[in-house]
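Respectively, the protein sequence lines represent chains A and B. The UniProt record's numbering applies: residue 1 is where the first sequence begins, and numbers increase by one. The UniProt record's numbering applies: residue 1 is where the second sequence begins, and numbers increase by one. Where is the CB? At the ideal position from N, CA and C, for every residue including glycine.
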Amino acid sequence: MLWRTIQAILWGAGVLGVLTAIYGYAEVTRPWIGPVLLVAGVLYAVNITIMPTWRYRVHRWEATDDAVYALTGWLTRRWQVVPVSRIQSIDTEIGPLQRRLGLATISVTTASSEGKITIEGVGTATAEEAVDRLRRITAATAGDAT
Amino acid sequence: MTTAGEPWQRLDVRLVYQALIRVALSLPLGVVGVTVGDDPVWPLVAGSCAGVLGALSTLVTWRTTRFRITGEQVEMHTGWLARRHRIVARDRIRTVDVSARLLQRVLRLRTVHIGSGDPGASFDLNGLRERQAAGLQLELMPGATPDRDPGEGTAIARFRHAWIPLNVISPWSVFAVAGPVFALHWALRPFGVDLFGAARGLLGGPLPGWAVAVALVVAYLAGTAVRAGAFIVENWGFTLLRDGGALVTRRGLLTTRTVQRADRRIRGIALDEPLLWRWLQLTRTRVLSTGQGAGGEAAVSDILPRTRLAEARELAPRILPDGARPLEAVLRRHPRGALTRRLGLALYGPALASGAGLLFTLSGAIPGRWWLLPLALIPVTVPLAVVAYRSLGHTVSGDYVVVRTGVFHRRTVALQRRAVIGWTASQSIFQRWGGRMTVGIPTGAGARHYEAPDMSVRQAVTFLTETAGALGPESP
């Protein structure tokens, strides 16, 4: 959650910063950028204060012997199921910010990019254990990705 | 890999003649371009340079290209500065086209395009002799032999004259003529010829409205005729047949094209009915197969030219390897809430656009009352919302999952259950209040992902358990 908050703050600061800079320097664009800045400011405020907590309360994931399940989202919730027999690859990814916080992202890929499951912000130790287990199960399951 | 010693083949020597002729043709053009007026005529000069460069690259291709066909794969070496060695397994090859441009036709050369459903893994052999090209087509696709007439049992469809009008009508026909006219206008400009000015002069004064209308009608008719000609040339002798575990299509008058799709890769079939021609029941038919880029080469997935819905439905069971009729299944309707949501979107979509416009008007970026303009769209968006709701439907029929959606194109997709590689269900905040959810089906075939928007939660659960029947360790 902390990770997501920091990320949201960074993104918000980046986008708003660029827009404000343009607003300040290029006077011609002011009538166009002014309203955008106003709306974006409100949206980012909501994004930083509410979104991370909400997401943290919604997000769930589970890996069983048959399938990987994940529930993500905040305003729009999204359940995903990928049967173990259709898994093509499993990746773990740790970014610089995530490393600081001891988190990892697991992604489970299938033949369709829409069927890909991304589980963000899992504790490193849990992630390693889960990926190891999935690797063993997929290796033992005869299956074809298509 | 027993035929590793297969000799490499090269492109034909006549390719050199072709290059020389092109140089001979383009040089004078450039000379004319430089000398005709005080200023060089840039389009001519550019055309001439392009011609010479094209000829040079043809020579390089001729020097460097080597290819061979072994028992399992097709290999090609090409390139001068950047060398490339490409290998594609023979059972991945879906299309073999033989075509020739004017100059090639004179020299009796042919271009062979070997496609594997993915533009990144295709071959272009530019410059083979007529007979060599035909031999290659025959070797790679034995099912497509033109001489061998297949029995009545295996031929699925043949070219029908009734298809011509169906494939020709299009609101864009005007552009088939208007495009070249504009091109001609701009091409003649440097020589002081003003086509539009001449037309204006003929009629005396500015163009009256009726003249424009007449011109449009003439352009539309002429454009339709052009499209009809193009369709006939492209689909002449169209035959779709099943041969040895594969669907084979061959067609074309000037460019002969053969396409084959292995039965074991076919995962379903899809119909696409454009809204504008719904009253004609005009339908595009595609097969969904795996091992092909998501966009795919259209020629591989489009199995028939545009036909009537009834005809497509009648042919579908013969196109599918298992002879099922999933497209005729009765679809379950989606709940009323789905209609309400679409109507709501039709109303507040334009309203939001207006709101944004109003903000900009207040800040001074847009003058006057232009921000009201999006509201004028509402009379159009509301009927479209009803159309969108009416096209929603889904069911599970035998081995197939059937899903129908779309506004401008109503798409009916029948996908085999074994091709389903997972499920996604999503619920926005409004869907959560209304007890509806959108179910997505990722798959390795066709467009990779199909959606059934706004099912009721109960329908979604039933749908998911029914499709999950095929789930398990058993492989397809």
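Using a Cβ-Cβ distance cut-off of 8 angstroms, determine whether residue i contacts chain B.
| i | result |
| --- | --- |
| residue 52 (chain A) | no |
| residue 83 (chain A) | yes |
| residue 115 (chain A) | yes |
| residue 43 (chain A) | no |
| residue 75 (chain A) | yes |
| residue 61 (chain A) | no |
Use the C-beta contact count for residue i: other C-beta atoms within 10 angstroms, 16 or more gives buried, fewer gives exposed.
| i | result |
| --- | --- |
| residue 453 (chain B) | buried |
| residue 186 (chain B) | exposed |
| residue 371 (chain B) | buried |
| residue 57 (chain B) | exposed |
| residue 60 (chain A) | exposed |
| residue 91 (chain A) | exposed |
| residue 39 (chain B) | exposed |
| residue 240 (chain B) | buried |
| residue 80 (chain B) | exposed |
| residue 61 (chain B) | buried |
| residue 147 (chain B) | Per-residue confidence for residue 147 (chain B) stands at a pLDDT of 47, beneath the threshold of 50, marking its modelled position as unreliable; no derived number is given. |
| residue 404 (chain B) | buried |
| residue 174 (chain B) | buried |
| residue 450 (chain B) | buried |
| residue 494 (chain B) | As shown, chain B starts at 1 and ends at 476. That puts residue 494 (chain B) outside it, with no answer to give. |
Considering only residues of the same chain and omitting the five flanking positions on each side of residue i, which have a CB-CB separation below 7 angstroms?
| i | result |
| --- | --- |
| residue 323 (chain B) | 317 |
| residue 81 (chain A) | 67, 69 |
| residue 329 (chain B) | 395, 397, 402 |
| residue 422 (chain B) | 442 |
Measuring only between beta-carbons, confirm whether residue i sits less than 8 angstroms from chain A.
| i | result |
| --- | --- |
| residue 30 (chain B) | no |
| residue 429 (chain B) | yes |
| residue 116 (chain B) | no |
| residue 146 (chain B) | Any answer about residue 146 (chain B) is weak, because its pLDDT of 48 lies below 50 and its placement is not dependable; what the coordinates show is given next. No, its Cβ sits nowhere closer than 8 angstroms to a Cβ of chain A. |
| residue 150 (chain B) | For residue 150 (chain B), the predicted model reports a pLDDT of 49, less than 50, meaning its position is unreliable; a value from the coordinates is still stated below. Chain A, which has no Cβ nearer than 8 angstroms to the Cβ of residue 150 (chain B), makes this no. |
| residue 16 (chain B) | no |
| residue 471 (chain B) | Note that residue 471 (chain B) scores 46 on pLDDT, short of 50, meaning its location in the model is unreliable; the coordinates nonetheless yield the value given after this. Chain A contact via Cβ: present. |
Quick one: residues in its chain with C-beta nearer than 8 angstroms to the C-beta of residue i, no 5 flanking neighbours on either side, listed in chain order?
| i | result |
| --- | --- |
| residue 14 (chain B) | 107, 108, 109, 127, 129 |
| residue 110 (chain A) | 82, 86, 87, 88, 116, 145 |
| residue 171 (chain B) | 276 |
| residue 159 (chain B) | 235, 236, 237, 238, 239, 251 |
| residue 164 (chain B) | 228, 231, 232 |
Leaving out the 5 sequence neighbours to the left and right, which residues in its chain are closer than 6 angstroms to residue i when beta-carbon positions are compared?
| i | result |
| --- | --- |
| residue 475 (chain B) | At residue 475 (chain B), the pLDDT of 31 sits below 50, so the modelled position is not reliable; the number obtained from the coordinates is stated separately. Closer than 6 angstroms at Cβ, skipping near neighbours: no residue. |
| residue 268 (chain B) | 288, 414, 415, 416 |
| residue 381 (chain B) | 346 |
| residue 351 (chain B) | none |
| residue 92 (chain B) | 116 |
| residue 343 (chain B) | 385 |
| residue 337 (chain B) | 434, 436 |
| residue 30 (chain B) | 45, 48 |
| residue 105 (chain A) | 93, 120 |
| residue 424 (chain B) | 440 |
At a CB-CB cut-off below 8 angstroms, which residues of chain A make contact with residue i?
| i | result |
| --- | --- |
| residue 359 (chain B) | 35, 38, 39 |
| residue 421 (chain B) | 82, 83, 86, 110, 111, 112, 115, 145, 146 |
| residue 173 (chain B) | Residues of chain A passing the Cβ test: none, with the nearest at roughly 36 angstroms. |
For residue i, return the contacting residues in chain B, with the cut-off set at a CB-CB distance below 7 angstroms.
| i | result |
| --- | --- |
| residue 79 (chain A) | 424, 425 |
Using a cut-off of 9 angstroms between C-beta atoms, extract the partners of residue i located in chain A.
| i | result |
| --- | --- |
| residue 354 (chain B) | Residues of chain A passing the Cβ test: none, with the nearest at roughly 13 angstroms. |
Would you mind telling me which residues of chain B sit closer than 8 angstroms to residue i, beta carbon to beta carbon, in chain order?
| i | result |
| --- | --- |
| residue 64 (chain A) | Here the premise fails: no neighbours, minimum Cβ distance about 13 angstroms. |
How about residue i: is its Cβ closer than 7 angstroms to a heavy atom in the ligand NAP?
| i | result |
| --- | --- |
| residue 452 (chain B) | You won't find the ligand NAP in this model; it holds no ligand whatsoever. |
Residues within the region 440 to 455 of chain B neighbouring chain A, beta-carbon criterion of under 8 angstroms: 440, 442, 443, 444, 445, 448, 449
Interface residues of the region 247 to 273 of chain B facing chain A [CB-CB below 9 angstroms]: 265, 267
Residues from the region 97 to 130 of chain A in contact with chain B, defined by Cβ distance under 7 angstroms: 110, 111, 112, 113, 114, 115
Members of the region 362 to 393 of chain B that neighbour chain A once the beta carbon cut-off is set at 9 angstroms: 362, 363, 364, 365, 366
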